[in-house]
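Chemist:
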Amino acid sequence: MLADVLTLALVALGCWFFLSGTLGLLRFPDVYTRLHALTKADNLGLGLVAFGLLWQAPDWPTAVKLLLVWLLGVLASTTAAHMVGRAALGAGQSAWRAEP
Amino acid sequence: MSWGGLAPLVILLSSLVPALLIFFLDESRVRLRNGLNLGGAVLKVSVVGVMLWGVYRGWRFQLSWELLPGVSFLLRIDSLSLLFMTLSAVLWLLTTIYAIGYLADRPHNRRFFGFFCLCVAATVGISMAGNLFTLFIFYELLTLSTYPMVVHRGDNASLRAGAVYLAYTLTGSMAVLAGTVWLYALVGPVDFVEQGGILVAAPEQRASLTLILALLIGGFSVKAALVPLHGWLPRAMAAPAPVSALLHAVAVVKAGAFGILRVVYDLYGAELAHQLGVLAVLLAFAAATIVYGSVRALFQTDIKRRLAYSTVSQVSYILLGTALFGSVATVGALVHLVHQGVMKITMFFCAGAVAETLGVHRVDELDGTGPRMPWTMTAFTIAALAMIGLPPFAGFISKWYLGVGALEAGAAWVVGVLLLSSLLNAAYFLPMLYRAWFKAPPAAWPQEATTPGSWEAPPSLVLPPALTAFFSLAFGVLAGTAISPLQWAQFIAALEYAP
Amino acid sequence: MTMFLAAVAVFLLLNIALGLVRIVRGPTMADRMLAAQLFSSTGIAIMLVLSVVLAEPAVLDVALIFAVLAVLATLAFTRRLWKSTGGR
Amino acid sequence: MKAVTNERIKNITLALLASTIGLGLVVGLLNAPRQPGVAEQVLSMQTHLKLEQPVTAVLLAFRGYDTLLEIAVLVMAVIAVLILVPPRKARAAAPITAGPAPSPLMLWLLPRLLPVLVLIAGYLWWAGSSRPGGAFQAGTLVGAAAVIVLLSQQMRPPRLGRIWRAILVLGLLCFLAIGLLGLLWGQAFLQYPDSWAKALIMLIELTLSLSIGLCFMLLVLGVPPRRRDRFPGERS
Amino acid sequence: MSPALLLPGLILPLVAAPVSFLLGRRALPWLPWLVALMVAGCLCGLAAPLLSEGELFLHLGNWEPPLGLRWRFDGLVWGMIAATTLVCLAVAVYADGYVPNRGRRGRWLGFWPVLFFLWGALNSLFLAGDIFNIYVTLELVSLAAVALVTLDGRPQALAAGMRYLLLALVGSLCYLLGIALLYASFGVLDAALLAERLQPGMTASLAMALLGVGLFLKTALFPVHGWLPAAHGEAPAPASALLSSLVVMGSLYVLLRLWLELFGAVLTPGLRQFVAVLGAAAVLWGSWLAMCQRRLKLVVAYSTVAQLGYPLLMVPLLETSGAAAAWSGGFYLLLSHALAKASMFLVAGVLLHAQGHDRIFQSRGFAGRYPMSVFAFGLAALTLLALPPSGGFIGKWLLLEASFGSGQWWWGLVLLLGGLLAAGYVFRVLVPIFGDAGHRHLEAVPLRMELAALSLAVGSVVLGLVAGAPVRALQAVVLP
Amino acid sequence: MMGVFDVLLLVVLIAVAVGALHGRRLFSSVVLFIVFGLLMALVWLRLHAPDVALAEAVVGAGISGVLLLDALGRLGKGEDEGGDERAD
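Residue numbers (the working numbering), protein chains in the order written: chain F, 146 to 245; chain D, 47 to 545; chain P, 732 to 819; chain X, 7 to 242; chain Z, 90 to 569; chain Y, 3 to 90.
This is how it looks when you write it as structure tokens:
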């Protein structure tokens, strides 16, 4: 019962992060800000979903796999974000500034 | 395989093997090539001689090989085969001698003689074919092997002539093929036997059989140069003289005529063919061709073209005889097959010799050639007189039997055609003879090849026409003896019309 | 619980649908790559959810593979494409 | 202008054609009589093989010959690429050298990611006998791993020497050899002796994984350059 | 030991392909011979059991259909594999002497693995008794064929190859959809079982149409023949020989066999006439286009378009009294065409090699320098013209017999007309090459190339001379 | 609820496919193609075909995306026609 509640809460929270990440991707004005919104959101979102589902895992290999997926997701997403940001910087894309 | 099966094979191989060897021989190996050629020809003539003796003794020569279920490749010697085979074997030997002399020092002889041998192989194959399928195979081989000879000179005229030749003959072959296959599909495999292999004609098959006969005769008529299918023949005059001799006398037109003989007598049987009504049409076409060819010949100024149209006319005598129902007319047709061959080949040999030695190509250049080249022109004269049909030459025998046969068959108007044709023959041959013997020679010949001192063409160009001219005379004079073509033809006709 | 997770899956899928706008609008290639990155994460999350909903353990393997290969496209993008075009 | 119109007409025609075929398929399937497939039979026969995974049983046993030919198709495709893209051209086209320095984060990540990749590939191979997975998936993962390495390390693909070529055709040859060995043991072509079936299938899958991995790597990265501009195997 | 155990020997080329890839040049002199000898040995060993039993089956992996795959081996398959072996061996021998575009030898070495893959895939295709297995073999064949087209890397060849690849893929897709439909409806993939279960109806008709469209595309039958001349004309000569003789033969074989064996009831008489009309159109239109070409390889390629139309003429005739003749005639034509066409392309390669181009009106003197090649071309042309004593003549004779015997004489007319048109384009080629050379320089050509071409041409004629037994074997096949 | 998921999945799938085919920018098409692979894997999972989903995952995420990006790089085309830097 507790497990189900935890799952509900964590997954719902994860969903919220995903939504905010998506909105950020849509609404933020340039590559760098979008990068920020996106990676934060989807690392956290994926992590919360994975942790939430952990409580539903029938056996320990499944649980390990869930954690592994999260870990890999975080690593991949982080590295990718870094690479894209670096490449954008290297290509000389200017950052957005608030209009005075 | 018995010895009886071996003989047809030897006949075939005696020209096939030289052909293949010659193709792969170097152009410069003249003597070996000529040796192969002559050796093959002599071997063939001697085997034919043995066969004549054998058939006379009652031996059977047959070779069969099942090519498809129900369809056999069959070589069989009967009296009609022998008639044609003897003619082509002997004339091939003479033509070979002539061609070696004629083509010496010219390019592409390897190719020429290779196809030359193939061509003869096809011709003897046609003569030995024991059924329609086999006949067709050799008929096609003949088409293919004569084409390179027609275009041998390689100039534009030859190439155009070759294209026309192919268009005509291949279309004809397709008609023959259609008829052949249809016949096989309709009545199954039929061999050539005396009085016809198709024994029963069910009433519902008659229409198909008529159409098949028309297809076959139509197809063979292309090579036999029946008007209006004769267009290729005068054009093919672009080829060298030995080729013309071969086309006109030994192989091609004869193969067409022989095909028709085979189909009418040994496939359908004269009676059935007559009943189906196709022969009446053939008769009309043959008569028209005889007159048309002679009239066209009258207006030709080129010697070879005049001879070509003469061939168109003369070959149709054979068809005329075939189309008339009756044993006498058949004798006329068969004997003319031989006679026309020896007569016409003589004329082409002579025309070639004159052109080669003096550069004379047109009729009006013939003035005075008789005294200049007496042997050649004597041979030419004999052949021309024989063509006209004067007794005692060979041509007279044919025309006599054809005329009598026409009367026997109740077609008296044919005699009129024959007479008209003879008059026309005289009208276009006699002026040539007159010019040759009685007109003064020109100051200079158009293109004299030999040294002024020599009085004749080289022996290899003189000997063959001399021999064939002799035959033209002998076949007429000795027609009554046991070994003449006439006796042989009467023997065959008797078999075809035996009760 | 299943009902809830199915709803979560639908919600995440809607997220993807929403994010498609960024791919269409761009404007730079980096933006599009980022969107793809987001989809990849979201898709993995959907698979995790589905693994419970469908009670099929193999679904996790699929998610695992996506997770481990997610970096590949970005890698190719930065190493091969971005460089050769100077980011334009 | 006219070209554009033609193009449009062509497109419309193609679209019409495609929709006709699609509609036909739908109609055909709706009208299709249904007859039982072979699924039940597969399930009943696979216990014989000690393979719990029906897909693997179909791919490697029942229809093993299909799989063998598919591998041949893959190798053939690589050879076609080798023919199509001569090594010199490939080298010229591959923008591998130069460029900005790779991200340090990536340089940290990759050495740690690779063992995981290989581990997962091995897991998929091993899983093939009991659950979804198998040679193809494992092999592709191996190929992907190789691609990652080559892309990140600014390396050129290895020279396609004898060993690499051997790996490329290893799976096909191994499959064929085991198939023909079945013949020698007095059984049918491609038949595995009962007690060995699982082991042999695993062996085939292993070799196939390696070959498939290499195939995909070559297909993605084009052709590895060799010292001379020659087709592999040529001796001058 | 069951004779069917010899059957796996027939796919040995599939083993040879990776081996030749590994060994490279060192394998060239002996590997094709070894493989051909082994395949020929298996064929010889199989001949006697085949004659006594008529049909042999081999269950692969000992699994019974519908679960497993099986091979079917009968007289027709025997003939197809024998022809394939002969052509592949001759082409392998020929190709060793043929070096296109000097300096591209490296690329050219890829030819042998592709050749072996093609060879093995075709043998496997003929053996296959399962429609999905046929799909896989067809894929392998098509891929190898595309590789062959692009072999020498000229831009035109690449373009033609790309077009071919796309169309082949579309064809495969159609075929795949067709078999998916069949499997969904009838639950089996084995052709023989499917033939038992198949009921005529909407699904069967649709599947037949899909299979037909796919295989028409792959075979380049009228009206989707457009890709063939470019692809076969641009490929290097040994590749063209394989493509034009074997690759199209493979898919046409599948088309005829599947259609006739599976959909006999679906093919209404009207539909059968329609198929034959397409065949007739291919014959006439292809021959006409062949007559308009100025390059030898294009002439030969268009003649392939024409010749592939003939076997389709058997479709309406199979319902008549002439069924046996039509069946054997159509396939005999296909077999002899394979040998003859390969030989003609090899001769075209000799011509290209000797003078650097293949424009027919600038080829005077070729006959004088290369009589053996021209002789081979002539012998091979006999089959195209369907003149005796070639294999093509036998095939056409049988088809004619069926057509006249069944009263459908109009197909006979098409056959005859096709022969005449073929004469048109063959002699159009032969006439210039017999002309005088003048002072033209012609390169020397390795003897083995000429011998390879000649041996195939002789083979096509031998098929005409010893037709009795093969035709009987073809007719012994259980007619659909 | 899974019914809603399926319908949504199909709609998004078709939208992505149409977008990939008809996009004016080659790069967008490539990215959409990668997304298509992901969605396709989900479809296979929903069809209870985890094997195919696995294959789709390794090919879609691992091979074809890289292949297409690489090809684009070799063509020298990145932000092709109409890629406005500051569109919004």
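Beta carbons: idealized from backbone N, C-alpha and C, even for Gly. Computed from a predicted model, the values in this text were never measured in an experiment.
Contact criterion: CB-CB distance below 8 Å. Does Ser-261 (chain Z) meet it with respect to chain X?
Modeler: With 8 Å as the cut-off, Ser-261 (chain Z) does not count as an interface residue toward chain X.
Chemist: Can you tell which of Z:Arg-561, Z:Val-560, Z:Met-538, Z:Pro-559 has its C-alpha closest to the C-alpha of Leu-178 (chain Z)?
Modeler: Answer by Cα proximity: Z:Met-538.
Chemist: Would you call the stretch 146–160 of chain F and the stretch 195–210 of chain F in contact, with 3 or more CB pairs under 8 Å?
Modeler: Enough Cβ pairs lie closer than 8 Å, so yes.
Chemist: With DSSP collapsed to three states, give me the class of Leu-407 (chain Z).
Modeler: Leu-407 (chain Z) falls in the coil class under three-state DSSP.
Chemist: Evaluate the contact criterion for the stretch 102–115 of chain D versus the stretch 189–199 of chain D: three or more CB pairs, one atom per stretch, below 8 Å.
Modeler: Judged by Cβ distances under 8 Å, the stretch 102–115 of chain D makes no contact with the stretch 189–199 of chain D, as fewer than three pairs qualify.
Chemist: From the DSSP secondary-structure annotation, give me the bridge partner or partners of Glu-142 (chain Z).
Modeler: None; Glu-142 (chain Z) has no bridge partner.
Chemist: Does the beta carbon of Ala-789 (chain P) come closer than 8 Å to any beta carbon on chain F?
Modeler: Chain F, which has no Cβ nearer than 8 Å to the Cβ of Ala-789 (chain P), makes this no.
Chemist: Are the stretch 49–59 of chain Y and the stretch 133–146 of chain X touching by the rule of at least three beta carbon pairs closer than 8 Å?
Modeler: Output reads yes: the stretch 133–146 of chain X touches the stretch 49–59 of chain Y.
Chemist: Can you tell which of D:Thr-514, D:Met-478, D:Ala-343, D:Ala-379 has the C-alpha that lies nearest to the C-alpha of Leu-129 (chain D)?
Modeler: Ranking D:Thr-514, D:Met-478, D:Ala-343, D:Ala-379 by Cα distance to Leu-129 (chain D) puts D:Ala-379 first.
Chemist: Who are the neighbours of Leu-28 (chain Y) on chain X, taking C-beta pairs under 8 Å?
Modeler: The contacting residues do not exist; Leu-28 (chain Y) stays about 17 Å from chain X at best.
Chemist: Do you know how far the Cα of Pro-97 (chain Z) is from the Cα of Leu-745 (chain P)?
Modeler: Their Cα atoms are separated by approximately 54 Å.
Chemist: Classify Met-821 (chain P): buried if its beta carbon has 16 or more other beta carbons within 10 angstroms, exposed otherwise.
Modeler: The question about residue 821 (chain P) has no answer here: the residues shown for chain P are numbered 732 through 819.
Chemist: Considering only the alpha carbon of each residue, which of Z:Phe-455, Z:Ile-449, Z:Leu-135, Z:Leu-487 lies closest to Ala-229 (chain D)?
Modeler: The amino acid at residue 229 (chain D) is misidentified as Ala; the sequence shows Leu. Among Z:Phe-455, Z:Ile-449, Z:Leu-135, Z:Leu-487, the Cα nearest to that of Leu-229 (chain D) is on Z:Leu-487.
Chemist: Have a look at the DSSP bridge pairing and note the partners of Asp-348 (chain D).
Modeler: Paired residues: D:Arg-408.
Chemist: So, does the CB of Trp-486 (chain Z) fall closer than 8 Å to a CB anywhere in chain D?
Modeler: Yes - at least one Cβ of chain D is within 8 Å of the one on Trp-486 (chain Z).
Chemist: For chain F, is any of its Cβ atoms less than 8 Å away from the one on Ser-136 (chain X)?
Modeler: False, the Cβ-Cβ gap to chain F never drops below 8 Å.
Chemist: Ends of the beta strand (DSSP E) at Asp-163 (chain Z)?
Modeler: Element bounds for Asp-163 (chain Z): 159–163.
Chemist: Assuming Phe-537 (chain D) contacts Ser-125 (chain D) (C-beta within less than 8 Å), just tell me the rounded distance between them.
Modeler: Phe-537 (chain D) to Ser-125 (chain D), Cβ: 6 Å. Contact.
Chemist: Quick check on Ser-110 (chain D): does DSSP put it in helix, strand or coil?
Modeler: If DSSP states are grouped into helix, strand and coil, Ser-110 (chain D) belongs with the strands.
Chemist: For chain Y, is any of its Cβ atoms less than 8 Å away from the one on Gly-28 (chain X)?
Modeler: Cβ-Cβ to chain Y under 8 Å: no for Gly-28 (chain X).
Chemist: In the DSSP assignment, what are the bridge partners of Val-117 (chain D)?
Modeler: Partner(s): D:Leu-114.
Chemist: Using a cut-off of 8 Å between C-beta atoms, extract the partners of Leu-743 (chain P) located in chain B.
Modeler: In summary, chain B is missing from the structure at hand, where the protein chains are F, D, P, X, Z and Y.
Chemist: Assuming Ile-68 (chain D) and Arg-199 (chain D) make a contact with CB atoms under 8 Å, what is their CB distance in whole Å?
Modeler: Contact doesn't hold; Cβ gap of about 19 Å is too wide.
Chemist: Between Gly-192 (chain F) and the rest of its own chain, which residues show a CB-CB distance below 6 Å, the 5 nearest in sequence each way excluded?
Modeler: Contacts found: Trp-215.
Chemist: Starting from the N-terminal side, write out each stretch of the alpha helix (DSSP H) that is 4 residues or longer and does not extend beyond the stretch 19–70 of chain Y.
Modeler: Here the runs fully enclosed are 28–48, 52–59.
Chemist: In its own chain, which residues sit with a C-beta less than 6 Å from the C-beta of Asp-163 (chain Z), not counting the 5 before and 5 after it?
Modeler: Closer than 6 Å at Cβ, skipping near neighbours: Glu-144, Val-566.
Chemist: Quick one: which chain F residues come within Cβ less than 9 Å of Leu-115 (chain X)?
Modeler: The contacting residues are Leu-220, Ala-221, Thr-223, Thr-224.
Chemist: Whose Cβ in chain X lies nearer than 9 Å to the Cβ of His-227 (chain F)?
Modeler: Those within 9 Å of His-227 (chain F) in chain X are Ser-109, Pro-110, Leu-111, Met-112.
Chemist: From Val-9 (chain Y) to Pro-155 (chain Z), what distance separates their C-alpha atoms?
Modeler: Each residue's alpha carbon lies about 35 Å from the other.
Chemist: 8 Å is my cut-off, CB to CB: does Pro-115 (chain D) come that close to chain Z?
Modeler: Answer yes: the Cβ-Cβ gap between Pro-115 (chain D) and chain Z drops below 8 Å somewhere.
Chemist: Enumerate in chain order the residues of its own chain whose CB-to-CB distance from Ser-127 (chain D) is below 6 Å, with the five nearest sequence positions on each side excluded.
Modeler: The answer, listed in chain order, is Ser-173, Met-174.
Chemist: With DSSP run on the structure shown, which of helix, strand or coil describes Leu-258 (chain Z)?
Modeler: In the structure shown, Leu-258 (chain Z) sits in a helix (DSSP, three-state: H, G or I).
Chemist: By how many angstroms is the C-alpha of Ala-515 (chain D) removed from the C-alpha of Val-388 (chain D)?
Modeler: So the alpha carbons of these two residues sit roughly 7 Å apart.
Chemist: Per the DSSP calculation, Arg-384 (chain Z) is bridged to which residue(s)?
Modeler: Z:Arg-448.
Chemist: Below 8 Å CB to CB, which residues in the same chain sit around Val-222 (chain D) once its five sequence neighbours on both sides are set aside?
Modeler: Phe-182, Tyr-185, Leu-261, Leu-262, Gly-265, Phe-266, Gly-305, listed in sequence order.
Chemist: Give the straight-line distance between the Cα atoms of Gly-218 (chain F) and Leu-278 (chain Z), rounded to the nearest whole angstrom.
Modeler: The alpha-carbon atoms of Gly-218 (chain F) and Leu-278 (chain Z) are separated by roughly 42 Å.
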